[in-house]
Amino acid sequence: MDVQTSRVVPDGGWGWVVVAAVAVINMTNQSILSVFGQLFVGELRRMNEDTFTSALITNLNSLALNFSGLFVGPAIKSFKPRNVAATGCILVSFGLALCSFATESWHFIVGYSFFVGFGLGLISPSTFMAINSHFSSKRGRAVGVSLAGAGVGQVLIPHVVRYFLDNHGFRLAVLAMSALSLTGLFGAMFLKPLNPPVKHNNRRHIRLLAETDGEKGQSSPLQIVVVATQSKIDEAQPKTESLCRRMGNRLVQAMDLELLKDAVFWSIIVGMALVYTATINFTMIFPDFLGQTAGLNSTVVAFCMSVVAGADIVCRLLLPCITDHLRIPYRVVFLLGTAGLLFARLVLAESQDLSVIIAMSILIGMMKSATVINNNLTISAHCRSDKLAGGLGLSMMSKGVIVITVGQLLGWVRDYTDSYVICLYAQIVLLLVVVLAWAPEIYYRFRMQKRTTSKSMETTVDAAEENVKLNS
């Protein structure tokens with residue numbers, strides 16, 4: 002189902018302006034997640050709330066972020082990615098503004114968990130769709146540069162938060178973050194689609210936008226056949242068809258649920274969701290693992306965290322240039338990143354030597370960037386362009402389901418065993434499942450493609466030889 006679009010894309014030009022705009026949006030909005038503890042935990046403690054409340058707020062935020070996939074596919078189809086991204090920025094800003102006036106913990110659940118989470122869920126797929134339409138062979142490096150904006154934000158935003166907290170207090174600090182997220186609207190202004198869309202009714206299914214000016218006043222033979230076929234189907238449908246069935250068909254078409262008939266697509270979204278869950282759990286326990294299990298002081302712990310972030314940012318910029326030049330498939334790069342994360346966790350679980358920890362921190366940052374960059378790219382390589390928005394939404398929903406099930410199980414393993422090492426091994430099991438499920442399938446598809454290519458070349462050579470004999 003790896004379908005390439007027939008549309009010619011510029012692979013640059015205005016596309017790099019779109020990349021810069023998406024980097025600004027990521028820097029001012031996606032990086033908000035990294036400062037939750039710095040921004041809100043102190044205020045929650047003043048409200049006499051415990052760690053459970055903080056965990057509840059962050060888990061509900063992740064739930065809203067991923068389950069926004071229910072709406073993001075139809076929204077991108079009916080409205081331009083620019084409008085969806087701008088709506089996401091407004092929701093993030095509004096949610097943070099609500100949090101600045103919070104006096105009870107449930108105010109944070111409404112503002113941060115639902116509004117901020119849902120807004121971020123709209124931003125990620127819509128900005129990717131904007132980039133995807135402008136790039137083909139350079140798509141990987143374009144996505145890497147845009148995601149590097151989030152990494153830069155994770156480095157700079159904590160210092161901005163610290164300044165406002167120290168000098169102006171909690172309320173103004175959160176309002177400052179709310180105003181900062183609105184700068185994403187400036188970036189959204191530049192998310193111009195590759196081709197100007199034709200006017201259509203947003204309530205109806207999206208029309209094809211690939212027609213040229215000369216084709217607008219006439220119908221192509223293919224369109225005539227499609228219309229005639231559709232009219233015959235409509236006439237053949239029984240008039241007593243139930244409303245529920247019609248609504249179900251509309252839902253399937255709007256959300257592209259027919260993708261779920263593809264076993265490979267299931268393997269892709271479930272595998273990426275398992276890697277996503279293991280990454281979230283590792284990010285949560287890594288500082289405590291370094292401090293309690295490895296016995297490192299807070300300075301060294303902070304240094305190791307900075308090493309992971311630095312390697313992540315650098316590889317988001319450099320890795321796509323290498324993989325695009327070598328033309329390595331996105332899913333293969335994601336698989337290699339998963340295998341690298343598995344190896345790094347295995348070494349960390351077996352050794353607490355400082356030099357080994359630093360080396361593995363670098364490797365984790367590098368491999369994490371490989372999975373983050375190629376997440377949506379893997380979906381785009383497998384789905385047709387008209388199904389991409391629905392595919393991204395379904396992928397987000399699978400992450401939401403697995404985070405609240407398998408993610409909670411990983412937390413239970415850590416609490417029940419009271420061991421960070423065993424928790425690392427539980428993460429290793431998840432990553433190993435993905436590697437064992439993906440590797441044979443990818444190898445089989447590679448062998449089949451190579452065999453098909455060789456047969457095609459043999460057929461071409463035989464035809465050329467026959468032509469030479471006939472001419473002689």
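First residue of the sequence shown: 2, per the numbering used here; consecutive thereafter. Glycine included, C-beta positions come from ideal geometry on N, C-alpha and C. Keep in mind that this is a model prediction, so the values were computed, not measured.
Less than 9 angstroms between the beta carbons of residue i and residue j, yes or no?
{"i": "R328", "j": "I429", "result": "no"}
{"i": "V436", "j": "L349", "result": "no"}
{"i": "G89", "j": "F129", "result": "no"}
{"i": "S35", "j": "S101", "result": "no"}
{"i": "C316", "j": "A279", "result": "no"}
{"i": "A24", "j": "F187", "result": "no"}
{"i": "S127", "j": "A86", "result": "yes"}
{"i": "N60", "j": "G408", "result": "yes"}
{"i": "I405", "j": "F283", "result": "no"}
{"i": "H38", "j": "S63", "result": "The sequence shown places Gly at residue 38, not His. No, the pair does not count as a contact, with Cβ atoms beyond the cut-off."}
{"i": "S106", "j": "L45", "result": "yes"}
{"i": "L258", "j": "G412", "result": "no"}
{"i": "N133", "j": "S307", "result": "no"}
{"i": "T324", "j": "G272", "result": "no"}
{"i": "A320", "j": "M248", "result": "In the sequence as presented, Ala is not what sits at residue 320; that position holds Leu. It is not a contact, given that the beta carbons lie outside the stated cut-off."}
{"i": "L297", "j": "L355", "result": "yes"}
{"i": "N377", "j": "S125", "result": "yes"}
Tell me which same chain residues have a C-beta within less than 8 angstroms of the C-beta of residue i, skipping the five on either side of it?
{"i": "L433", "result": "L343"}
{"i": "G43", "result": "L166 and F171"}
{"i": "G14", "result": "H135"}
{"i": "V156", "result": "A310 and I314"}
{"i": "G122", "result": "A65, L66, N67, F68, S69, G70, V73, G89 and M397"}
{"i": "W267", "result": "L261"}
{"i": "S243", "result": "none"}
If you run the structure through DSSP and keep just helix, strand and coil, what is residue i?
{"i": "D416", "result": "helix"}
{"i": "I329", "result": "coil"}
{"i": "S69", "result": "coil"}
{"i": "M48", "result": "coil"}
{"i": "Q353", "result": "coil"}
{"i": "R385", "result": "coil"}
{"i": "T324", "result": "helix"}
{"i": "K262", "result": "helix"}
{"i": "L92", "result": "helix"}
{"i": "F102", "result": "coil"}
{"i": "I190", "result": "Note that residue 190 is Met in the sequence shown here, rather than Ile. The answer is coil: DSSP assigns M190 none of H, G, I, E or B."}
{"i": "E212", "result": "The predicted model places E212 with a pLDDT of 43, which falls under 50 and marks its position as unreliable, so this point remains unresolved."}
{"i": "N30", "result": "coil"}
{"i": "K81", "result": "coil"}
{"i": "S399", "result": "helix"}
{"i": "T184", "result": "coil"}
{"i": "G408", "result": "helix"}
Excluding sequence positions up to five away, which residues of its chain have a Cβ less than 6 angstroms from the Cβ of residue i?
{"i": "Y277", "result": "K400"}
{"i": "L181", "result": "T29"}
{"i": "G16", "result": "H135 and F136"}
{"i": "M397", "result": "N67 and G70"}
{"i": "F290", "result": "Y421"}
{"i": "P288", "result": "V302"}
{"i": "G394", "result": "G70, V73 and G74"}
{"i": "L431", "result": "L275 and A279"}
{"i": "L99", "result": "G112"}
{"i": "E50", "result": "S106"}
Throw me the rounded Cβ distance for the residue i and residue j pair, which I believe falls under 8 angstroms.
{"i": "R83", "j": "A131", "result": "7 angstroms"}
{"i": "S332", "j": "A382", "result": "The question names Ser, but residue 332 in the sequence shown is Arg. Going by Cβ atoms, the distance from R332 to A382 rounds to 7 angstroms, so yes, they are a contact pair."}
{"i": "L148", "j": "I363", "result": "Their Cβ separation, rounded to whole angstroms, is 18 angstroms, which puts L148 and I363 out of contact at 8 angstroms."}
{"i": "C322", "j": "R452", "result": "Incorrect: roughly 31 angstroms between the Cβ atoms, too far for contact."}
{"i": "L183", "j": "S94", "result": "5 angstroms"}
{"i": "L40", "j": "A174", "result": "7 angstroms"}
{"i": "L97", "j": "G74", "result": "Going by Cβ atoms, the distance from L97 to G74 rounds to 26 angstroms, so no, they are not a contact pair."}
{"i": "C305", "j": "I380", "result": "Not really, about 32 angstroms apart at Cβ, beyond 8 angstroms."}
{"i": "I33", "j": "V117", "result": "7 angstroms"}
{"i": "K388", "j": "L261", "result": "Contact flag wrong, Cβ pair sits at about 11 angstroms."}
{"i": "R415", "j": "I286", "result": "7 angstroms"}
{"i": "A189", "j": "Q31", "result": "Going by Cβ atoms, the distance from A189 to Q31 rounds to 14 angstroms, so no, they are not a contact pair."}
What residues in its chain sit with their C-beta under 7 angstroms from that of residue i, if we drop five residues either side in the sequence?
{"i": "L318", "result": "G145, V146 and A149"}
{"i": "I58", "result": "F109, I110, Y113 and S114"}
{"i": "A274", "result": "S399, K400 and I403"}
{"i": "T494", "result": "Nothing can be reported for residue 494, as the shown portion of the chain is limited to 2 through 473."}
{"i": "R246", "result": "none"}
{"i": "I443", "result": "R332, V333 and L336"}
{"i": "I270", "result": "L395, S396 and S399"}
{"i": "M361", "result": "A345, V348 and L349"}
Please check if any C-beta of chain D sits within less than 9 angstroms of the C-beta of residue i.
{"i": "S79", "result": "Note that chain D does not occur in the displayed structure, where there is just one protein chain."}
Would you list, in sequence order, the uninterrupted alpha helix (DSSP H) runs of no fewer than 4 residues that lie entirely inside the stretch 127-182? List check, alpha helix (DSSP H) in window: nothing returned.
4 or more residues per run - each alpha helix (DSSP H) lying fully within the stretch 267-327: DSSP runs (the alpha helix (DSSP H)) wholly in the stretch 267-327: 299-327.
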